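The listed protein sequences correspond, in order, to chains G and Z.
For the first sequence, the residue numbers in numbering that gives the first Met the number 0 are 0 to 415.
For the second sequence, the residue numbers in numbering that gives the first Met the number 0 are 0 to 200.
I have placed the structure first, in the form of structure tokens, so that the comments after it can refer back to it.
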Amino acid sequence: MTPTLADTATTIQSILQGWSISESLAMFLAAVIHVALVAGFFGLPAGIFIWAERKISGRIQDRLGPTRVGGKFGWLQAIADGGKLIQKEDLVPEDADGPLFRVAPYVVVVSSLAALMFLPFSDGWIAISLDIGLYLMLAVMSLEVIGVILAGYASGSKWALFGGMREAAQMVSYEIPMSICVVIPIITAGSLNLNEIGGLQSGHLGNWIIFHDPFSFLAFFVYFVCATASCKRAPFDLAEAESELVAGFLTEYSGFRWSFFFLAEYASMFTVCGIAVLLFLGGWHTGIPGLDGILDGPRYGSDAYVWTWLTNALGFGVFFGKASVLVCVQIWVRWTLPRLRIDQVMMTCLKYLVPISCVLFLGAVIWPLALSFSGKTTIWGTPTGERAAPTMRLESISSPADQSPTASTSNGETGP
Amino acid sequence: MNDQVLFWIFAILAGGGAIGVVILQDIVRMAFSLIISLGSTAGLFFLLDADFVAATQLLVYVGGTLVLLIFGVMLTASGPFRRIQMSSGETFVGAAVGLLFFSMIAFTVIDVEWETLKGSHSPVTAAATDETGSTSRAIGLRLVGIAADTEVGIHKDRGEKTGYLLPFEIVSVHLLVVLVGAAYLARAKRQETSEATGGDA
Chain G
0 MTPTLADTAT TIQSILQGWS ISESLAMFLA AVIHVALVAG FFGLPAGIFI
50 WAERKISGRI QDRLGPTRVG GKFGWLQAIA DGGKLIQKED LVPEDADGPL
100 FRVAPYVVVV SSLAALMFLP FSDGWIAISL DIGLYLMLAV MSLEVIGVIL
150 AGYASGSKWA LFGGMREAAQ MVSYEIPMSI CVVIPIITAG SLNLNEIGGL
200 QSGHLGNWII FHDPFSFLAF FVYFVCATAS CKRAPFDLAE AESELVAGFL
250 TEYSGFRWSF FFLAEYASMF TVCGIAVLLF LGGWHTGIPG LDGILDGPRY
300 GSDAYVWTWL TNALGFGVFF GKASVLVCVQ IWVRWTLPRL RIDQVMMTCL
350 KYLVPISCVL FLGAVIWPLA LSFSGKTTIW GTPTGERAAP TMRLESISSP
400 ADQSPTASTS NGETGP
Chain Z
0 MNDQVLFWIF AILAGGGAIG VVILQDIVRM AFSLIISLGS TAGLFFLLDA
50 DFVAATQLLV YVGGTLVLLI FGVMLTASGP FRRIQMSSGE TFVGAAVGLL
100 FFSMIAFTVI DVEWETLKGS HSPVTAAATD ETGSTSRAIG LRLVGIAADT
150 EVGIHKDRGE KTGYLLPFEI VSVHLLVVLV GAAYLARAKR QETSEATGGD
200 A
């Protein structure tokens, strides 16, 4: 496997230490560089998608959308929006619970930003590569709802309280089918590590998990519906519902705090779409037969760091493109479908999505068994590159002979 | 050095959040300081390289239980339930229970012979995770009875080969029973009210 960004952190740290900087300061600076990178991935997609949303919604409604800021297509609209929002007055209503009202946007932004730490943008381009990456990512993303509920409660306004309550009810229910759908590709890939799941889908289009079996094909669409709901996007934007609740939980917010909620919303749109790409749509692989194999050559085979970096940069482009297409679908859906009522939202989840996802889960579990009766173990092709199947690694762990030497060495290192 | 700094940041936040839960009187602020406390505890777990426990802490307690808590408070946030004012008797009983619990933990911590523990138990470091995987893989293997940790650490001599799949399943069936029971109770109440308004049984 190619070195992860976490390894780069130690490299940066050792370079900085070479300039006679103390170890802790070097580690701090390396951490700052990485946080800045991740924050860039937080802000950049948000800026692009805010512009895209305005442009696409304009076209759908037979308007032009932004045309003036930054040339013919209004490229700089997001920056102009940001500049406008910074200048606005930071209001806190009299009835509001001051500290909680002020802190709520930060909770949303931090959880949405922290989720990006576990998202691989290309093979090894991941801030923190963990065996439980996906699990941790879902855990961190589920914290976003706390900020929204706090905002709804602390505003001291009935509109906001209604918005917050709707959001809480919606999020708590939609997390269930979303998690079940996420488990299906995990069963297929045999790993919770997003980097591994992405890497397994190389080769050709048929190796993408979405085409692995009929259940994972359907699971993608169920996941995408739940992901749209978890980003509070129309037709599930009950928490805002500007035609009934003024602006829902955002009613009392203004200026930069208001924009924080929106930055977080667009960033988490990108994040959930990124998860969908990694879990179902082949991650950073192009899916064109032959091309992935050619790219995997320099990615894993060559010693030159430049080639690995270049193929990974290309992979990042592919990943970003796929995720952007999914985000555009979310935008398209938002400006096409009318908003559901709250009881319809809950019914969609509890009466339809939960049973459907349970059936898909059972099907995905039974699928290998059914295949084994027909004499095959999988219809999946082997991935290109130098990736062993996860079962191979399991065997190497279970044999104790491999293990005791490392255990004793780590004992020796940590001993007094 | 860095671990020490991070440890103190998380420890102070966890302790401060816990004190906030006791001192503050507004329920939602209490819930928020509980979020800070539990979240920093997850941070402490991360520092110990127990990433699975930390993620579960975030998912179950912070993302699950506390969301439901705040949700419940919001539904009942009116009049007497919004603020908690305790009588002096309650304060005394609460303080006594808290002090007893604290002294129990303090004595346990003092009793542990840290010097003898130092070499015997290897922490899950980055070097170790390359071979055995992080904690989640060990937990997963343990679930089906392959003990990745009996060869090392304080369990070295026990050599137990017990899987935790059956207890895990029993616990999950219990949780399912609780869920069904809760749904039944909520439904039974609604049927009673419909009877009272003249609906047939």
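Note that the Cβ used here is the ideal one computed from N, Cα and C, for glycine as well.
Only a predicted model underlies this, so the values are computations on that prediction, with no experimental measurement involved.
Check                                                                                                           : Outcome
Contact list for the region 26 to 44 of chain Z against chain G, Cβ threshold 7 Å                               : VAL27, ARG28, PHE31, ILE34
Segments assigned alpha helix (DSSP H), at least 4 residues, entirely inside the region 79 to 125 of chain G    : 97 to 114
For G:GLU243, the first and last residue of its enclosing alpha helix (DSSP H)                                  : 241 to 244
Residue ranges of each alpha helix (DSSP H) within the region 282 to 341 of chain G, 4 or longer                : 290 to 295, 304 to 333
Residue of G:CYS180, G:GLY97, G:ALA45, G:PRO184 minimising C-alpha distance to G:GLY151                         : G:GLY97
Rounded distance between the beta-carbons of G:ARG338 and G:PRO416, thought under 8 Å                           : It is not possible to answer for residue 416 of chain G, since the shown part of chain G is limited to 0 through 415.
Burial state of Z:PHE106 (16 or more Cβ within 10 Å)                                                            : exposed
N- and C-terminal bounds of the alpha helix (DSSP H) containing G:PHE255                                        : 254 to 278
Cβ-based burial, G:ASP291 [other Cβ within 10 Å; buried from 16]                                                : buried
Delimiting residues of the alpha helix (DSSP H) encompassing G:ARG62                                            : Premise fails: G:ARG62 is in no alpha helix (DSSP H) and is neither H nor E.
Range of the contiguous alpha helix (DSSP H) that encloses Z:GLY71                                              : 65 to 74
Contact with chain G by Z:THR64, beta-carbon distance below 9 Å                                                 : no
Cβ-based contacts, 9 Å cut-off: residues of the region 47 to 72 of chain Z near chain G                         : ASP50, PHE51, ALA53, ALA54, THR55, GLN56, LEU57, LEU58, VAL59, VAL61, GLY62, GLY63, LEU65, VAL66, LEU67, ILE69, PHE70, VAL72
Neighbour-count burial assignment, G:MET346, 16 or more Cβ in a 10 Å radius                                     : exposed
The region 187 to 201 of chain G / the region 133 to 141 of chain G touching (three or more Cβ pairs under 8 Å) : yes
Contact with chain G by Z:SER171, beta-carbon distance below 9 Å                                                : no
Per-residue DSSP class, three states only, for Z:ASP25                                                          : strand
Cβ-based burial, Z:ILE18 [other Cβ within 10 Å; buried from 16]                                                 : exposed
Residue-level contact to chain B via CB, Z:LEU74, 9 Å cutoff                                                    : Among the chains of the structure shown, chain B does not appear; the protein chains present are G and Z.
Coil, strand or helix - G:ILE127 by DSSP                                                                        : coil
Min CB distance G:TYR134 to chain Z below 9 Å                                                                   : yes
G:LYS421, buried or exposed, once every other Cβ within 10 Å from all chains shown has been counted against 16  : For chain G, the structure presents residues 0 to 415; residue 421 of chain G sits outside this window and is missing.
Beta-carbon proximity list for G:HIS203, same chain, < 6 Å, skipping 5 on both sides                            : PRO288
Expected contact under 8 Å - CB spacing of G:CYS230 and G:VAL271 to nearest Å                                   : 6 Å
Exposure of G:CYS357, with buried meaning 16 or more beta-carbon neighbours within 10 Å                         : exposed
Through-space distance from Z:VAL27 to G:LEU160, alpha-carbon basis                                             : 13 Å
Members of the region 139 to 163 of chain G near chain Z, C-beta cut-off 8 Å                                    : VAL139, SER141, LEU142, VAL144, ILE145, ILE148, LEU149, GLY151, TYR152, ALA153, LEU160, GLY163
C-alpha gap between G:LEU368 and G:PHE279, whole angstroms                                                      : 21 Å
Short CB-CB distance (under 9 Å) between G:VAL221 and chain Z                                                   : no
Secondary structure of G:GLY189, DSSP reduced to three states                                                   : coil
Proximal chain Z residues relative to G:LEU359, where beta-carbon distance stays under 8 Å                      : By Cβ distance, chain Z contributes nothing, its closest Cβ being about 20 Å from G:LEU359, past 8 Å.
Simplified DSSP state of G:VAL358, which is helix, strand or coil                                               : helix
Cβ of G:ASP96 within 9 Å of any chain Z Cβ                                                                      : yes
Through-space distance from G:ARG58 to G:ILE268, alpha-carbon basis                                             : What sits at residue 268 of chain G in the sequence shown is Met, not Ile. So the alpha carbons of these two residues sit roughly 21 Å apart.
Cutoff 9 Å: G:MET170 Cβ touching any chain Z Cβ                                                                 : yes
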